[in-house]
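Inspection log for the structure reproduced underneath, given as structure tokens.
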Amino acid sequence: MRMDPAKRSAEILACASRLFHERGIGAVTIDDIVRAANVAKGTFYLYYRSKSDLLAKLADALIRRMAETAEAAAAQAADPLDQFAAAVAAMRTVGREGRHLAEALDHPDNFELHERTNVTLVRTLAPILGRVVEAGNTTGVFNVADPVPTIEFLLAGQAFLLGDGRFAWSEAEYRRRLDATLTLIERALGASPGSLAPRLGAVVTQPAAGDQVAR
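At position 45 of the sequence shown (counting the first as 1) the number is 45 in the UniProt record's numbering, and the numbers step up by one without a gap.
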């Protein structure tokens with residue numbers, strides 16, 4: 001019986017993800033992936049043009065999982081402040097699980113894919129956090145005129161400053177900028193001083209590859 005194309009594609013992606021996690025992306029070849037998935041190389045190329053194309057699909061899948069997990073976590077929290085912190089914590093957890101992918105995207109050869117992934121991440125996650133902020137506007141814990149663009153700026157800004165190791169901060173320098181970022185987020189969302197930053201600080205403790213939110 002022939003496997004459904006969507007299931008076959010997902011199976012190849014899952015096998016590749018497992019190998020990448022075990023060996024590192026650079027050490028895994030397409031031949032390794034097709035052997036693990038028990039498919040012919042021609043079957044691989046039915047679904048993915050190249051290893052880079054597979055990486056792009058893997059990044060998209062990771063972002064979708066971040067979004068789904070964040071929405072579920074926010075739905076379990078009691079109020080908008082806790083919902084925001086819970087969503088950030090969920091995004092961070094999924095991001096850590098994709099650490100091997102983040103490390104591969106940091107390679108100069110993957111610059112275009114890295115940039116595309118960052119844009120997709122911001123566009124996907126901002127509406128989720130934006131809805132939490134809108135709820136907080138209603139209850140009075142947040143005060144933001146246009147939540148989604150505000151969140152987009154915060155996501156993109158913190159990722160540039162704190163992500164990818166581009167500034168080569170020392171641990172102390174990173175901590176100072178992380179603390180400042182959390183305070184800035186609190187102020188940008190119009191939250192009362194000390195109402196949001198400590199909640200975020202409780203879930204954001206150490207820099208970790210693969211994190212994009214408050215990393």
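Ideal Cβ positions, reconstructed from N, Cα and C, are used throughout, including at glycine.
Determine the contact status of V203 and R99, defining contact as a CB-CB distance below 8 Å. If you number the sequence shown from 1, residue 203 lands on position 203. If you number the sequence shown from 1, residue 99 lands on position 99. It is not a contact, given that the beta carbons lie outside the stated cut-off.
N- and C-terminal bounds of the alpha helix (DSSP H) containing S9: Indexing the sequence shown from 1 puts residue 9 at position 9. First-last of the alpha helix (DSSP H) with S9: 5-23.
Host alpha helix (DSSP H) of H114 (start-end): For the purposes of this step, residue 114 is taken as residue 114 along the sequence shown, with counting starting at 1. Looking at the DSSP string, the run of the alpha helix (DSSP H) that includes H114 is 111-139.
Going along the chain, which residues of its own chain have a beta-carbon closer than 7 Å to the beta-carbon of H107, five neighbours each way excluded? One-based indexing of the sequence shown puts residue 107 at position 107. Cβ neighbours of H107 beyond the five flanking positions: none.
Rank V141, L154, G42, F20 by C-alpha distance to the C-alpha of A78 and give the top, closest one. Residue 78 sits at position 78 when you count from the first residue of the sequence shown. With distances taken between Cα atoms, A78 lies closest to V141.
Judging by CA-CA distance, which residue of G165, S170, L161 is the nearest neighbour of A180? Along the sequence shown, read from residue 1 onward, the residue named residue 180 stands at position 180. Among G165, S170, L161, the Cα nearest to that of A180 belongs to L161.
Distance check for T138 and G130, CA to CA, integer angstroms please. Taking the sequence shown and counting its residues from 1, one reaches residue 130 at position 130. Taking the sequence shown and counting its residues from 1, one reaches residue 138 at position 138. If I take the Cα positions, the gap works out to 13 Å.
Which value, in whole angstroms, describes the spacing of the CA atoms of G42 and D53? Mapped onto the sequence shown, residue 42 falls at position 42. Mapped onto the sequence shown, residue 53 falls at position 53. Approximately 15 Å, taken between the alpha carbons.
Between which two residues does the alpha helix (DSSP H) holding L189 run? As a first step, residue 189 must be located in the sequence shown, where it is residue number 189. Membership of L189 in any alpha helix (DSSP H) is not indicated, and neither H nor E is assigned to it by DSSP.
Report all residues from its chain with a CB closer than 6 Å to the CB of H21; omit the five preceding and five following residues, and keep chain order. What you label residue 21 is simply residue 21 of the sequence shown in a count that begins at 1. Cβ within range, chain order: H100.
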